[in-house]
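This report concerns only the one structure given below.
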Amino acid sequence: MHAAHILVVEDDRSIGAALCNALQREGYAAELACTRQQASAAADRARFDLVVLDIGLPDGSGLDLLRRWRSGDRATPVVAVTARGGIEDRIKGLDAGADDYIAKPFEIRELMARVRAVLRRPGGALGELLALGNVELDTVRRRLRIGGHLENAPRREVAILETLMRQANIVVNRDTVMRAAYAADEHATQNALEANISRLRQRLMQGGAEVEIHTIRGVGYLLRESP
Amino acid sequence: MSAPRSIAGGLLVRLLILFSLTPLLAGINIIVVGEQNSNPEVDARLERLADQIVPYIRFNPAGLPSLDVQSLRGRSFARDLRVAMFEHSATPAVQWPSDLKLRAWDFFDGYQTVRAVNGHWLRLLFAPPAGSWSAWLHWYADELADEILPLLIALMCITLPLSAITIRRELAPVRRLAREAAAIEPGVRDTRLTEVGVPSELLPLVRAVNGGLERLDAGLAAQQRYSAVVAHELKTPLAALLLQLERDLPRAEADACRQQVLRMRGLVEQLLIIAELTAKRVGTAAEVDLTAVAREAISQEVVAALDAQVELELQGPQTPVLIRGNAAAVAIAIGNLIDNAIRHSPKHERILVRVTPDRTVEVADRGAGVPAEERDIIFEPFWRNPRSKGAGLGLAIVRAMADLHGATVTLNANAPHGCVFLLRFPPPDIGHGQNVPAGRAA
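Chain order of the listed sequences is A and S. Start counting the first sequence at 1; every next residue gets the next number (my numbering). Start counting the second sequence at 1001; every next residue gets the next number (my numbering).
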């Protein structure tokens, strides 16, 4: 598997360099563009798995760049970065077609979590083999491994785990989990879903998994590494 | 905008109406009083007197009248009688006594009647007795009592209420302006006194006050822009600092610095939000489902809750609970209430977020609670519980959001301990943009 290729578009050189360093330490191949023009050229030259895009660029708004990419056929996932971070700026960034949004100042680990979540989407660079703690899920062959041991889990539990692993550390809406676990024509109840999750939780615990499924009543579920 | 009405103009029009009515009223009064003056008994007596005197009138061959003075002197009815007879001219043709001098009031107070004598029409005027001033005084008192006083009283009865009503009506804009001025709150921008319907005499004053308010607003806006710019300019160096900390410093030392930088970041973010909310730079016209917003706010706080080993739960109706507002701002406010609850909740306790169909969001914790005397002050910017680590802006943001939405935020005690914050939103169609003082209803 090749390292995910990430383009960092950031006009502040020291921040841009720090971001590239941090991404490289995480095992990604990172490239820096400091202007809109450089970003445009880099995106035309190579194919990236993800772009970390600063919205405030000296030679034009990153949002325009994003809109132009999206109006073409470039589906490269984009994590938008902005120093504005006003109440309504988040919505503006997502409306322009960004896959996620992070406001400056942020910590590397916050950005990494978002980068990973975007790459973990179906079709993303990390979208085939999902890993969290000692749990690995091969989403193509539908195989679950805990600490290297193959687990024989039912289809529905694998589907639930896949949804939660793709959005690790993020609350996944109850309805989203429900849609992942049951086909549209299947009659599913809240209780049935709870039972499935409880069995999956049991399986993870017995297998010695270093992850936990948390239930947030009335909201949804969240998977994260055990503390 | 129509031309402003003037107090003087309003008074003038009404008084003009009043004075046009006066002659009419006076005419009616004279007719009525005249009717009352005709005393039938006295009239009958004077008519008899006229019949008695007529036989003493003689006419010479030239047709000029005279009185048979010799015969009259002996008659008792002729004593004290004062009578003048007119034929064609305004000067008496004949009079009794012959030295009779008529005074002005004799014409008012006297009695007149007409007789035909030998084919001549005579007008007879019986003047009141010649008792010095008494007749005049009588006449004057009579006039005053019978004609002037009723007119005055009638005029007063009309003028006083009319003036009172006029003044009340004309000064109504002043009362309205006073109410508007009383409602002006510190920090609330774009409040102006209404210029429509203000009388022209007051318009310069109202315009001057509005000009002053405008200048205050400009000052406030400059101050808010300033804090927004400062907060914004702090962000980029903070971003660089956070990234470099992770790269350059050993882990243990970096961690202490990181905590401080993160705290500063929180402060800068909150300052920006509060500047944006109080400057009303966020749109509040969208239809917002409170349950969905509460779910989003909880999702943002889940990791913090898990780290603090506190449980979060949402309870809400299946159907949407709609308000009009800004989803992002409401989510931030609910998030701040949850964040506040997490920081004050004991471990392994539950924080319950409840949305009810009457557009209320409750955030209930089981912490130590807030003493009654602190329940208002906790919403003030930079007020900090000495036992807590926050910057003291979280709840001020909640109140700024509530003010912007015409919502109220109150704080009650939770049973058996802890507190319940209540955010109550107005119905989606009315009450929008009102300045409801928040956090004071508890």
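Note that CB positions come from ideal geometry on N, CA and C, so glycine has one too.
S:I1274 to S:G1283 span [Cα, whole Å] = 14 Å
task = At 4 residues or longer, and completely inside the stretch 7 to 33 of chain A: list those alpha helix (DSSP H) runs for me, N to C.
result = 13 to 25
task = Pull up the distance between the alpha-carbon of S:L1322 and that of A:E162, whole angstroms please.
result = 34 Å
key: Contact set between the stretch 202 to 214 of chain A and chain S, restricted to residues whose Cβ is under 7 Å from the partner   = H214
ask   = Sorted by chain position, which residues of the same chain lie with C-beta nearer than 7 Å to S:K1235's C-beta, five sequence neighbours on each side aside?
value = V1268
key: Same chain, Cβ closer than 7 Å to S:E1296, five either side skipped, listed in chain order   = A1331
inquiry  = Less than 7 Å between C-beta atoms, sequence neighbours within five positions excluded: which residues of the same chain meet that for S:S1227?
reply    = L1271 and A1275
request  = Please list, in chain order, all residues of the same chain as S:I1158 whose beta carbon is under 7 Å from its beta carbon, the five residues on each side excluded.
outcome  = L1018
request  = Output, in chain order, the set of chain A residues within a Cβ distance shorter than 7 Å of S:N1414.
outcome  = In chain order: nothing, as chain A lies at least about 18 Å away.
message = So S:H1348 contacts chain A; which residues on that side make the cut at Cβ distance below 8 Å?
response = Within chain A, no residue comes near S:H1348; the closest Cβ sits about 14 Å away, beyond 8 Å.
key: Helix, strand or coil at A:N191 [DSSP, three-state]   = helix
inquiry  = Looking only at its chain, what residues have a beta carbon closer than 8 Å to the beta carbon of S:L1238, apart from the 5 residues adjacent to it on each side?
reply    = V1261, M1264, R1265 and V1268
request  = Indicate whether at least one CB of chain A lies closer than 8 Å to the CB of S:V1293.
outcome  = no
ask   = By how many angstroms is the C-alpha of S:A1285 removed from the C-alpha of S:E1170?
value = 38 Å
Nearest residue (CA-CA) to S:E1374, options S:L1411, S:V1083 and S:R1103 = S:L1411
task = On the DSSP bridge assignment, give the partners of A:E136 in chain order.
result = A:A131 and A:R145
ask   = Hey, is S:E1253's beta-carbon within less than 8 Å of any beta-carbon in chain A?
value = no
task = Under 8 Å by Cβ, that's how I've got S:L1198 and S:V1206 pegged, so tell me the actual separation to the nearest angstrom.
result = The residue asked about is misnamed: residue 1198 of chain S is Val in this sequence, not Leu. Yes, they are in contact, since the Cβ atoms of S:V1198 and S:V1206 sit about 5 Å apart, within 8 Å.
ask   = What is the DSSP secondary structure of A:L69, counted as helix, strand or coil?
value = Checking the sequence, you will find Trp at residue 69 of chain A rather than Leu. Helix at A:W69.
ask   = Can you round the beta-carbon distance between S:R1082 and S:A1127 to whole angstroms, since I take them to be within the 8 Å contact cut?
value = 4 Å
message = With a threshold of 6 Å on Cβ separation, who are the neighbours of A:D100 within its own chain once the five nearest residues in sequence on each side are excluded?
response = V79, R114 and V118
task = Could you tell me which residues DSSP pairs with S:N1412 in its beta bridges?
result = S:V1420
inquiry  = Can you look up S:H1232 in the DSSP assignment and give me helix, strand or coil?
reply    = helix
query = Mind checking whether A:V171 and A:V211 have CB atoms under 8 Å apart?
reply = no
query = How close, in whole Å, do the beta carbons of A:I197 and A:Y221 come, if the pair is a contact with beta carbons under 8 Å?
reply = 7 Å
message = Cutting at 7 Å between CB atoms, please list the residues of its own chain near A:F106, excluding the five before and the five after it.
response = none
query = Between the Cα of A:E169 and the Cα atoms of S:A1305, S:R1424 and S:G1010, which residue gives the shortest distance?
reply = Here residue 169 of chain A turns out to be Asn, not Glu, going by the sequence shown. That would be S:A1305, whose Cα lies nearest to the Cα of A:N169.
ask   = Between the C-alpha atoms of A:I102 and A:G207, what's the straight-line distance to the nearest angstrom?
value = 35 Å
request  = Could you have a look at S:Y1226 and say whether DSSP puts it in helix, strand or coil?
outcome  = helix
key: Interface flag, S:R1179 vs chain A, CB-CB below 8 Å   = no
inquiry  = For A:R120 and A:R166, which I take to be in contact (beta-carbon distance under 8 Å), what is that distance rounded to the nearest angstrom?
reply    = 5 Å
query = Considering only C-alpha positions, which residue in the set S:G1418, S:V1420, S:P1357 and S:R1281 is nearest to S:P1428?
reply = S:P1357
7 Å Cβ cut-off: residues of chain A touching S:S1299 = V171 and V219
ask   = Using the beta-carbon count (16 or more within 10 Å), is A:Q190 buried or exposed?
value = exposed
key: Residues near A:I55 by beta carbon distance below 6 Å, same chain, minus five either side   = G62, L63, A80 and T82
query = Can you give the beta carbon distance from S:R1343 to S:F1425, rounded, assuming they're within the 8 Å contact cut?
reply = About 25 Å; that fails the 8 Å criterion.
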